[in-house]
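Asks: Sharing a structure, written as structure tokens. Questions coming.
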Amino acid sequence: MNIAVSSPDKRMAEIAEKVQHGQRLSLEDGVFLYESDDLPTIGQLANLANQRKNGKLVYFVQNMSLYFTNVCEEHCAFCHFRRDEGEDGAYTLTPAQMLEYVAEHYHPELQEFHISQGHNPHVPFDYYVDCIRQLKQAYPHVTIKAHTAAEIDFFSRISGLSYKDVLKTLMEAGLSTLPGGGAEILTERYRAKMKVEKASSEQWLDVHRTAHQLGMKTHATMLYGSIETLEERIQHMMLLRELQDETGGFLVFIPNSVQPASKNAGIKRRVPAFDELKTIAISRLMLDNFPHIKAYFINIGTKLMQLSFAFGASDAHGTIVKERISHAAGATSPEGLTKDELVWLIQGAGRTPVERDTFYNEIRRF
148 MNIAVSSPDK
158 RMAEIAEKVQ
168 HGQRLSLEDG
178 VFLYESDDLP
188 TIGQLANLAN
198 QRKNGKLVYF
208 VQNMSLYFTN
218 VCEEHCAFCH
228 FRRDEGEDGA
238 YTLTPAQMLE
248 YVAEHYHPEL
258 QEFHISQGHN
268 PHVPFDYYVD
278 CIRQLKQAYP
288 HVTIKAHTAA
298 EIDFFSRISG
308 LSYKDVLKTL
318 MEAGLSTLPG
328 GGAEILTERY
338 RAKMKVEKAS
348 SEQWLDVHRT
358 AHQLGMKTHA
368 TMLYGSIETL
378 EERIQHMMLL
388 RELQDETGGF
398 LVFIPNSVQP
408 ASKNAGIKRR
418 VPAFDELKTI
428 AISRLMLDNF
438 PHIKAYFINI
448 GTKLMQLSFA
458 FGASDAHGTI
468 VKERISHAAG
478 ATSPEGLTKD
488 ELVWLIQGAG
498 RTPVERDTFY
508 NEIRRF
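Residue numbering for the sequence shown follows this note's numbering, beginning at 148 and increasing consecutively.
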């Protein structure tokens with residue numbers, strides 16, 4: 148009895164043909180790519196897919212990360228940023244305190260405030276609205292990117308408002324876009340195992356769907372490298388791809404590798420560079436309807452970020468100033484970069500740096 152078995156080389160050739168003809172990859176295709184050790188071919192295919200969309204352009208934004216509070220009611224297993232109320236190191240800043248911090252680091256070319264924080268149940272929804280409002284009043288020309296879908300779900304619970312009304316209230320105060328955090332891995336098995344007590348997979352997707360229906364463009368992430376299966380990573384990407392088919396509201400996908408609990412953690416505790424490059428490339432191939440894939444230097448470091456531009460990435464994130472969440476979990480990368488450093492890193496990878504605003508409108512090409 149003859150059983151026809153597709154060899155890995157033949158299967159890779161079939162996938163390459165799909166990519167070359169602009170055909171969508173399946174879950175089985177994505178899992179095969181993850182299981183393959185042919186990183187050069189995967190990278191070449193992702194580079195082809197990216198250059199069709201973006202040529203040799205790599206985008207970055209001059210932004211500042213802000214954190215109003217690290218007090219959080221959730222206990223996600225991977226998070227080292229959160230604190231309980233009253234715990235050593237816990238804080239909740241007033242809008243005035245945050246404005247004081249911004250004034251110390253502000254410069255006129257700043258395009259974006261990127262706000263991430265804990266789910267602090269000890270302050271009302273009005274506190275979060277007021278933080279946005281005062282920041283926008285002080286810096287009206289700076290785009291505010293704030294509140295993950297998990298935070299929007301949290302606000303809905305503490306306020307009694309629908310997702311739509313929460314979002315409309317924040318938009319009226321000055322919110323322009325949502326970051327992609329809180330997605331982690333969009334399967335309930337993962338969320339139960341990792342104690343992701345915040346928004347479910349469907350709730351996360353529904354918040355972004357609602358935001359898109361209100362005309363907002365948003366971001367999407369994946370936190371990988373812990374207990375998820377390779378199939379779950381691809382399922383996560385396919386859920387995002389389906390929502391993008393429906394709404395067209397996502398700007399970029401950001402794969403974030405899990406950071407260990409300590410900067411001194413052994414090398415086995417970190418996601419291998421091989422996996423990080425492969426994930427960026429597979430993201431580009433699976434998410435055919437996303438304009439951009441981001442190489443997040445905070446998680447992968449600056450040298451791997453440079454390499455990723457040949458593996459499907461077209462965005463280098465931004466200047467940040469002082470990142471805290473990944474560094475609380477042991478990231479060894481810089482806490483931020485200057486504009487000149489980002490330009491140098493992108494040019495060093497043989498790409499053309501493009502300074503952008505939050506929505507990928509070009510400000511300046513270098």
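Don't be surprised by glycine CBs; every beta carbon is placed ideally from N, CA and C.
When DSSP builds the beta bridges, which residues end up paired with Asp462?
Replies: Answer is Tyr206, Lys441, bridged to Asp462.
Asks: Name the two residues that bound the continuous beta strand (DSSP E) containing Ile291.
Replies: 290–293
Asks: In whole angstroms, what is the alpha-carbon distance linking Ile262 and Leu325?
Replies: 9 angstroms
Asks: His261 lies in the beta strand (DSSP E); which residues open and close that run?
Replies: 259–262
Asks: Using a 10 Å radius around the Cβ and a threshold of 16 neighbouring Cβ atoms, would you call Lys203 buried or exposed?
Replies: exposed
Asks: Just checking, does the region 379–390 make contact with the region 320–338 on the three C-beta pairs under 8 angstroms criterion?
Replies: Yes: at least three Cβ pairs fall under 8 angstroms.
Asks: Would you decide whether Thr479 is buried or exposed? Buried here means 16 or more other CB atoms lie within 10 Å of its CB.
Replies: Below a pLDDT of 50, predicted positions are generally treated as unreliable, and Thr479, at 49, falls in that range; the measurement from the model is reported next regardless. That one is exposed.
Asks: Where do the N-terminal and C-terminal ends of the beta strand (DSSP E) with Val166 fall, by residue?
Replies: If you look at Val166, you'll find it isn't in any beta strand (DSSP E); it sits in the alpha helix (DSSP H) that goes 155–167.
Asks: Would you be able to state if there are at least three C-beta pairs under 8 angstroms between the region 459–466 and the region 420–435?
Replies: yes
Asks: Does the region 281–297 come into contact with the region 236–255, if we say contact requires no fewer than three beta-carbon pairs (one atom in each stretch) closer than 8 angstroms?
Replies: yes
Asks: Can you give the Cα-Cα distance for Leu195 and Leu370, rounded to whole angstroms?
Replies: Rounded to the nearest angstrom, the two C-alpha atoms are 25 angstroms apart.
Asks: Going by DSSP, what residue range makes up the alpha helix (DSSP H) through Gly485?
Replies: Residue 485 is actually Thr in this sequence, not Gly. Taken as a continuous stretch (DSSP letters only), Thr485 belongs to no alpha helix (DSSP H), as it is neither H nor E.
Asks: Would Lys342 be called buried (16 or more neighbouring beta carbons within 10 Å of its own) or exposed?
Replies: exposed
Asks: Just curious, the alpha helix (DSSP H) that Arg280 is in, first and last residue?
Replies: 272–285
Asks: Of the residues Ile162, Cys219, Glu259, which one's Cα is nearest the Cα of Ile291?
Replies: Glu259
Asks: Leaving out the 5 sequence neighbours to the left and right, which residues in its chain are closer than 6 angstroms to His359 when beta-carbon positions are compared?
Replies: Thr394, Gly396
Asks: Using 8 angstroms as the Cβ pair cut-off and three pairs as the minimum, do the region 166–174 and the region 219–236 touch?
Replies: no
Asks: Short of 6 angstroms in beta carbon distance, which residues of its chain neighbour His439, apart from the five on each side in sequence? Order them along the chain.
Replies: Val399, Ser461, Asp462
Asks: Span of the alpha helix (DSSP H) holding Met433?
Replies: 420–433 is the extent of the alpha helix (DSSP H) around Met433.
Asks: For Pro407, does the three-state DSSP call read helix, strand or coil?
Replies: Residue state, collapsed to three classes: coil.
Asks: Excluding the five sequence neighbours on either side, which residues of its own chain have a C-beta within less than 8 angstroms of the C-beta of Thr374, listed in chain order?
Replies: According to the sequence shown, residue 374 is Ile rather than Thr. Contacts found: Tyr337, Lys340, Met341.
Asks: Quick check on the burial criterion: 16 or more other C-beta atoms within 10 angstroms. Buried or exposed for Ser473?
Replies: In this prediction, Ser473 has a pLDDT of 44, which is less than 50 and means its spatial position is unreliable; what the coordinates show is noted afterwards. Buried, since its Cβ has 16 or more Cβ neighbours within 10 Å.
Asks: Are the CB atoms of Ile510 and Glu502 nearer to each other than 7 angstroms?
Replies: In this structure, the beta-carbon distance from Ile510 to Glu502 falls below 7 angstroms.
Asks: Report the residue from Gln406, Arg356, Asp504, Asn403 whose alpha carbon sits nearest the alpha carbon of Glu389.
Replies: Across the set Gln406, Arg356, Asp504, Asn403, the C-alpha of Arg356 shows the shortest separation from the C-alpha of Glu389.
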